[in-house]
Amino acid sequence: MIVKTEEPTNSNQNQVIIHYRINFKYVCLYTVSIPLGALIVCLISAYIFQYDDVHETHCQVFNVVPSISAVTGISPQKYIWRISIALHIGPRVIISAVYKAYQFNMINPFGESHLKSKAQLWLNIAYFLNLIETGALCGVTYISNRENYPVHEKLFITFMVSSLGHMVACIKGTRYAAESRDDIESVKEGLKYKRDLLMLSLMCTAGLLFFFLQHRLFCFRMAFSMFALCEYIIAAANMAFHISVVCDFPTEDLIVGKIIDDQTFIDDCSGDCKKFQ
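Heads up: the sequence shown at position 117 corresponds to 117 in UniProt numbering, and the numbers run straight through without jumps.
If you want it as structure tokens, here you go:
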């Protein structure tokens, strides 16, 4: 497809050749559905066929809910999980960059300077923490607790801290961007949704630490199952938070193309080309 555009800084009209176009909503849904589907497959298959393996702990006490690390760290489930993470990492990085650019464009250039500065600061922090979160997710995926527990544990902690920090920074950045254009009502519902997910994640993180200490130090019965349950809720809240970007710009498209001027268009385009206004 070829469309005609006009840049505000140039009186000449340009041609945009679109090679590929997809609704950005579908990219976001794909990015979340791949790891979610893989996790469900890993959990069900491990629970049915490898029950003893995924419930084995150093305490040797009764448990009913295996951890995410357990169900994604055994074979063949670990291959399913690793493939899913590999498939979704690229789009996830693109979504992070697009979301940052979108929110920056939502900042009113004529708004109050302190609101603009705060919005830019928090959005940059959110983007930085999101990249760390993505890298830590790769780490805990490809370095399992069975292969190298100390490294896996540190990467998991990094993932948790960066994930919660990203949520906080994203909420603050979005709010300040809306305040800079005096339009807080437009993001009020979305912010409430994000805050609820943040509070759920914080509560489950506290539970995660509490039950982990109970299991690790005292080997309480079912403590590890409660730890694993908190882990699944945190994972679900994390995915729900990231998919909330669909609500922010559901009608945008992801486009691969190039811009050429009229002369280049005349020289390169054959007579069969059609222009779309």
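Just so it is clear, CB atoms sit at the ideal spot from N, CA and C, and this is done for glycine as well.
When the Cα atoms are used, what is the spatial distance from residue i to residue j?
i, j, result
"L123", "A169", "7 Å"
"N14", "I132", "38 Å"
"M222", "V64", "7 Å"
"S67", "S180", "43 Å"
"K258", "F24", "18 Å"
"I2", "G139", "The pLDDT assigned to I2 is 49, lower than 50, so where the model puts this residue is not dependable, and the model offers no usable value."
"H58", "C219", "9 Å"
"T9", "Q103", "Residue placement at T9 is flagged as unreliable, the pLDDT there being 45, under the threshold of 50; a coordinate-derived value is accordingly withheld."
"S11", "G111", "Confidence at S11 is low in this model, with a pLDDT of 47, below 50, so its placement is unreliable and the value that follows should be read with caution. If you take the alpha carbons of S11 and G111, they lie about 29 Å apart."
"K192", "I260", "43 Å"
"K188", "R195", "10 Å"
"residue 365", "K78", "Beyond the ends of the chain as shown, which are 1 and 277, falls residue 365; an answer cannot be given."
"T141", "I85", "8 Å"
"V47", "I40", "Note that residue 47 corresponds to Tyr in the displayed sequence, not to Val. C-alpha separation (whole angstroms): 11 Å."
"T72", "I143", "11 Å"
"L217", "G190", "40 Å"
"L238", "I18", "Note on identity: in this sequence residue 238 is Asn, with Leu being the wrong assignment. So the alpha carbons of these two residues sit roughly 34 Å apart."
"S117", "I125", "12 Å"
"V256", "P250", "18 Å"
"I95", "T158", "21 Å"
"E185", "E252", "21 Å"
"E153", "A178", "38 Å"
Measuring alpha carbon to alpha carbon, tell me which of the options ends up nearest residue i.
i, options, result
"V27", "K258, I259, V246 and K78", "V246"
"M106", "A97, S113, A119 and I94", "A119"
"L208", "F156, T251, I243 and I184", "F156"
"Y99", "D248, I259 and I74", "D248"
"L36", "L164, P250, I260 and I243", "I243"
"S45", "F62, Y30 and I80", "I80"
"F121", "I184, E252 and T174", "Rather than Phe, the amino acid found at residue 121 in this sequence is Leu. L121 has its Cα closest to that of T174, out of I184, E252 and T174."
"C204", "A177, L217 and L164", "L164"
"F49", "S75, V161 and I34", "S75"
"F211", "V41, S225 and N108", "S225"
"Y127", "N108, G135, N145 and A97", "A97"
"A236", "R21, I22 and S33", "S33"
"residue 296", "A101, F62, T134 and N108", "Outside the modelled stretch of the chain, which goes from 1 to 277, sits residue 296, for which no answer is possible."
"V93", "I22, T31 and N148", "T31"
"L87", "S162, V256, E56 and L29", "L29"
"L202", "M167, H152 and F62", "M167"
"M199", "I233, F62 and K154", "I233"
"A136", "S162, Y20 and E147", "S162"
"D183", "F62, Y20, L254 and N108", "N108"
"D145", "L213, F62 and E56", "Strictly speaking, residue 145 in this sequence is Asn, with Asp absent from that position. Here the closest residue by C-alpha is E56."
Tell me whether residue i is buried or exposed, calling it buried when 16 or more other Cβ atoms sit within 10 Å of its Cβ.
i, result
"A70", "buried"
"K275", "Note that K275 has pLDDT 46, beneath the 50 cutoff, so the model's placement of it is unreliable and the number below is only indicative. Classification for K275: exposed."
"Y51", "exposed"
"I171", "buried"
"I83", "exposed"
"H114", "exposed"
"Q60", "exposed"
"V54", "buried"
"L197", "buried"
"E231", "buried"
"A228", "buried"
"N130", "buried"
"Y176", "buried"
"F241", "buried"
"A101", "exposed"
"Q277", "Since pLDDT at Q277 reaches only 43, below the 50 mark, its modelled position is unreliable, and the value read off the structure follows with that caveat. Per the 10 Å Cβ criterion, exposed."
"M160", "buried"
"A206", "exposed"
"L43", "buried"
Is residue i close to the ligand FMN? I mean its beta-carbon at under 6 Å from any heavy atom of the ligand.
i, result
"S163", "This structure lacks the ligand FMN; in fact it carries no ligand of any kind."
Check the DSSP bridge columns for residue i and list the partner residues they point to.
i, result
"L254", "I22"
"I259", "V16"
Suppose only complete runs of 3+ residues qualify. What are the beta strand (DSSP E) ranges in the segment 60-87, listed by chain order?
none
Pick out the complete alpha helix (DSSP H) segments inside the segment 23-59, 4 residues or longer, and give them in chain order.
24-49 and 51-54
Uninterrupted beta strand (DSSP E) stretches inside the segment 156-224 (no shorter than 3 residues)
none
Within the segment 87-118, ranges of the beta strand (DSSP E) (whole runs, at least 3 residues)
none
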